[in-house]
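*Asks:* Residue numbers (our numbering), protein chains in the order written: chain C, -10 to 226; chain E, -10 to 226.
There are 2 protein chains.
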Amino acid sequence: MTSVGPVNRRQECEFCSLYELCWPAGATAAELERRHAIVGHSDALPAGKDLFRTDDPFTAIYAVRAGCVKTYSVDADGRELVHGFHLRGELLGFDAVFPDRHRCNAKMTAKSSVCVVPYRDIVQLSYKSARVHGHVLRLFSREFSRQLMIAEGSGGMQRIARFLLDMHARSSAPVASVHEFRLQMSREDIANYLGIAAETLSRLLAKLQQEDLIEVKRRRVRLTDPEHLHLVANGLI
Amino acid sequence: MTSVGPVNRRQECEFCSLYELCWPAGATAAELERRHAIVGHSDALPAGKDLFRTDDPFTAIYAVRAGCVKTYSVDADGRELVHGFHLRGELLGFDAVFPDRHRCNAKMTAKSSVCVVPYRDIVQLSYKSARVHGHVLRLFSREFSRQLMIAEGSGGMQRIARFLLDMHARSSAPVASVHEFRLQMSREDIANYLGIAAETLSRLLAKLQQEDLIEVKRRRVRLTDPEHLHLVANGLI
DNA sequence: AACCCGCATTGACATATGTCAATTCCGGCT
DNA sequence: AGCCGGAATTGACATATGTCAATGCGGGTT
Chain C
-10 MTSVGPVNRR QECEFCSLYE LCWPAGATAA ELERRHAIVG HSDALPAGKD LFRTDDPFTA
50 IYAVRAGCVK TYSVDADGRE LVHGFHLRGE LLGFDAVFPD RHRCNAKMTA KSSVCVVPYR
110 DIVQLSYKSA RVHGHVLRLF SREFSRQLMI AEGSGGMQRI ARFLLDMHAR SSAPVASVHE
170 FRLQMSREDI ANYLGIAAET LSRLLAKLQQ EDLIEVKRRR VRLTDPEHLH LVANGLI
Chain E
-10 MTSVGPVNRR QECEFCSLYE LCWPAGATAA ELERRHAIVG HSDALPAGKD LFRTDDPFTA
50 IYAVRAGCVK TYSVDADGRE LVHGFHLRGE LLGFDAVFPD RHRCNAKMTA KSSVCVVPYR
110 DIVQLSYKSA RVHGHVLRLF SREFSRQLMI AEGSGGMQRI ARFLLDMHAR SSAPVASVHE
170 FRLQMSREDI ANYLGIAAET LSRLLAKLQQ EDLIEVKRRR VRLTDPEHLH LVANGLI
């Protein structure tokens, strides 16, 4: 945890899903201090670091402040199934609300920092205000539905196109141009997320590049023909 | 809507996720009447009937009292992607909490009846009681996580095995023996749910039958070797 | 009871994808 | 700046799955 006071951190929070919870409009300085006392702010942690593991007791919701966290499970024969990636401003941990234990593992796929918000505090806050209550339910809903986006569409090509567009839309840190961004995870993670082999992913990315829809070099991606890519993503090609 | 009074309906509700909401322990008769006045109880509706469609405004959560409802979307080239099946006692409609409009279609795959609970009433009830509040969040969470169960496991065989075991566990109306049950939907719906072709589904079911793991005839299924089937479902075979 | 229509099954074939293996490439490290 | 090791790519091949088409079966209707 850093020693930076809440006020200095505020601008880092502007993109965050929890912004209205942490920075309620019209709150007094004392109220802000009180809220921030309950939120842990981690420094940047290295890639590969675990946030939580399956069966860990459920204590908190996490907000990604920078970097990327993957949630995943491992099946009987050791294959990793990536449920989703969580980029900056996004939440994770809701998976554990029902059974009170986490149902998956969470690990950073790149150098990342997160905020840790105790769940009991979220419930209490939301219980005290109808507006916050509705807000929490909506956050909840949004984070869950995010995970259902990619599964659609049978073809591997379609899923890759959809993934690239999704990542582009969610990547808040454009590199050079508006159509350029940086993937925050390895090819293997992406493949495990899309449910295809890493080799197939490589080949299909190469094919997209040959067809001049994208330029991809290592983790740097540039969408050279986004309209066309949308067609692919929708199975129209 | 039927004319059956709430008290007579109570035994039908015992399996339902909303039981504690509709039948709070220790409530007065007046309170029970009040609660039931806000819940619509449909008669049995025929297969093929729409419950809601994409972009419909969000008004209510539905509880399946009998039968089966599928939620699905249709992609650009007309393929149906089935998100999930909802059997008796289960809820649907939470998909619309965030954008305030439904994000998928819902249609009965068999003769079914449902309860209709206005969402604003759920929020109000849950806002008034901390216990109910926690309960709603947990329901919410459970209904979402149900949808993530099948996606796991790459092979089609694995997904089918998982599907059969899941349906068996959730089918509250055993036909003859404890290992026998009735599928509530067509092969096409199942195939669209599992992300494979209907023909492939047929072939793989036939294979499972040849290997004496199941007996399947039309919509009637009998798990003759559940332990073995579990191994298949976990990719151990 | 017999007929039909729709669902389900089966067959043949093309293709996409997984698997194993070799090779290249890049980024971080000293 | 140069080296090293892991990540990514590419190739060859086996296999699972999709697609199109024909056939079979059963439940609901008259």
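Using N, Cα and C, we set each Cβ at its ideal position, and we do this for glycine too.
Under DSSP, the alpha helix (DSSP H) around Asp84 of chain E begins and ends at which residues?
*Replies:* No alpha helix (DSSP H) contains Asp84 of chain E, which DSSP labels as neither H nor E.
*Asks:* Starting from the beta carbon of Tyr182 of chain E, find every residue of chain C whose beta carbon is closer than 8 Å, and list them in chain order.
*Replies:* Residues of chain C passing the Cβ test: none, with the nearest at roughly 11 Å.
*Asks:* Give me the Cβ distance between Ala150 of chain E and Val221 of chain E, rounded to the nearest whole Å; I'm assuming they're in contact under 8 Å.
*Replies:* That belief holds up - the Cβ atoms of Ala150 of chain E and Val221 of chain E are roughly 4 Å apart, short of 8 Å.
*Asks:* Answer yes or no: the CB of Ser160 of chain C versus the heavy atoms of the ligand COA, is any distance below 7 Å?
*Replies:* The ligand COA is not part of this structure, which contains no ligands at all.
*Asks:* Comparing alpha-carbon positions, which option in C:Lys206, C:Val125, C:Leu197 and C:Val105 lies nearest Pro215 of chain C?
*Replies:* A check of alpha carbon separations from Pro215 of chain C across C:Lys206, C:Val125, C:Leu197 and C:Val105 identifies C:Leu197 as the nearest.
*Asks:* Give me the residue from E:Tyr108, E:His219, E:Phe152 and E:Val103 with the minimum Cα distance to Glu1 of chain E.
*Replies:* Checked all of E:Tyr108, E:His219, E:Phe152 and E:Val103; the closest Cα to Glu1 of chain E is E:Val103.
*Asks:* Report back the beta-carbon spacing between Leu34 of chain C and Val106 of chain C to the nearest angstrom; my notes put them in contact at under 8 Å.
*Replies:* Incorrect: roughly 17 Å between the Cβ atoms, too far for contact.
*Asks:* What are the residues of the stretch 16 to 30 of chain E that lie near chain C, defined by any Cβ-Cβ distance shorter than 8 Å?
*Replies:* none
*Asks:* Can you check the stretch 37 to 125 of chain E for any alpha helix (DSSP H) of at least 4 residues that lies completely inside it and give the ranges in chain order?
*Replies:* 108 to 117
*Asks:* In whole angstroms, what separates the C-alpha of Gly(-6) of chain E from that of Tyr51 of chain E?
*Replies:* Below a pLDDT of 50, predicted positions are generally treated as unreliable, and Gly(-6) of chain E, at 47, falls in that range; the measurement from the model is reported next regardless. Using only the alpha carbons, I get a separation of about 19 Å.
*Asks:* In this structure, how does DSSP classify His168 of chain C when only helix, strand and coil are distinguished?
*Replies:* Of the three classes helix, strand and coil, the one that applies to His168 of chain C here is coil, per DSSP.
*Asks:* Flag Leu114 of chain C as yes if its beta-carbon sits less than 8 Å from any beta-carbon of chain E, otherwise no.
*Replies:* By the rule that beta-carbons nearer than 8 Å mark a contact, Leu114 of chain C does not touch chain E.
*Asks:* How many whole angstroms separate the CB atoms of Thr213 of chain C and Asp201 of chain C, which I take to be in contact at a CB cut-off of 8 Å?
*Replies:* 6 Å
*Asks:* Three Cβ pairs or more, each shorter than 8 Å: is that satisfied between the stretch 15 to 25 of chain E and the stretch 68 to 85 of chain E?
*Replies:* no
*Asks:* Which word fits Phe133 of chain E, buried or exposed, when buried means at least 16 other C-beta atoms lie within 10 angstroms of its C-beta?
*Replies:* buried
*Asks:* Can you tell which of E:Thr98, E:Leu153, E:Glu3 and E:Pro88 has its C-alpha closest to the C-alpha of Glu177 of chain E?
*Replies:* E:Thr98
*Asks:* By the 9 Å beta-carbon criterion, what residues does the stretch 56 to 90 of chain E contribute toward chain C?
*Replies:* Cβ contacts with chain C come from Ser62, Asp64, Ala65, Asp66, Arg68, Leu70, His72, Phe83, Asp84, Ala85, Val86, Phe87, Pro88 and Asp89.
*Asks:* With distances taken from CA atoms, which of C:Glu169, C:Val167, C:Arg148 and C:Leu218 is nearest Gly184 of chain C?
*Replies:* C:Arg148
*Asks:* Would you decide whether Leu81 of chain E is buried or exposed? Buried here means 16 or more other CB atoms lie within 10 Å of its CB.
*Replies:* Counting Cβ neighbours within 10 Å, Leu81 of chain E comes out buried, since at least 16 surround it.
*Asks:* With a cut-off of 8 Å, does the C-beta of Gly145 of chain C fall near any C-beta of chain E?
*Replies:* no
*Asks:* Between which two residues does the beta strand (DSSP E) holding Ile203 of chain E run?
*Replies:* Where Ile203 of chain E is concerned, the enclosing beta strand (DSSP E) stretches over Ile203 to Lys206.
*Asks:* Starting from the beta carbon of Ala119 of chain C, find every residue of chain E whose beta carbon is closer than 9 Å, and list them in chain order.
*Replies:* Val112, Gln113 and Tyr116
*Asks:* Pull up the DSSP beta-bridge partners for Val210 of chain E, would you.
*Replies:* E:Phe170 and E:Val205
*Asks:* Measuring straight from C-alpha to C-alpha, what distance separates Arg171 of chain C and Gly56 of chain C?
*Replies:* 11 Å
*Asks:* Need the endpoints of the alpha helix (DSSP H) that Arg159 of chain E sits in, please.
*Replies:* Counting along the chain, the alpha helix (DSSP H) containing Arg159 of chain E begins and ends at Gly145 to Arg159.
*Asks:* Looking at the unbroken alpha helix (DSSP H) that takes in Cys11 of chain E, where does it start and where does it end?
*Replies:* Tyr8 to Cys11
*Asks:* Taking Cβ-Cβ distances shorter than 9 Å, what residues in chain E pair up with Arg151 of chain C?
*Replies:* Those within 9 Å of Arg151 of chain C in chain E number zero; the least Cβ separation is about 11 Å.
*Asks:* If you reduce the DSSP assignment to three classes, tell me which class Leu34 of chain C lands in.
*Replies:* strand
*Asks:* Is it buried or exposed for Asp84 of chain C, if we count other Cβ within 10 angstroms and need 16 for buried?
*Replies:* buried
*Asks:* Assuming Lys38 of chain C contacts Lys96 of chain C under a Cβ cut-off of 8 Å, what Cβ separation, rounded to an integer in Å, is found between them?
*Replies:* So it is a contact: roughly 7 Å between Cβ atoms.
*Asks:* With DSSP as the reference, identify every bridge partner of Gly29 of chain E, one or two as the case may be.
*Replies:* Paired residue(s): E:Val105.
*Asks:* Can you find a CB in chain C that lies within less than 8 Å of the CB of His217 of chain E?
*Replies:* no
*Asks:* Hey, is Phe133 of chain C's beta-carbon within less than 8 Å of any beta-carbon in chain E?
*Replies:* yes
*Asks:* Relative to the C-alpha of His91 of chain E, which candidate in E:His122, E:Arg120 and E:Arg42 has its C-alpha closest?
*Replies:* E:Arg42
*Asks:* Which of helix, strand or coil does DSSP assign to Gly224 of chain C?
*Replies:* When secondary structure is reduced to three states using DSSP, Gly224 of chain C falls in the coil class, being assigned neither helix nor strand.
*Asks:* Buried or exposed: which applies to Leu128 of chain C, given that a residue is buried once 16 or more other Cβ atoms fall within 10 Å of its Cβ?
*Replies:* By the 10 Å Cβ count, Leu128 of chain C comes out buried.
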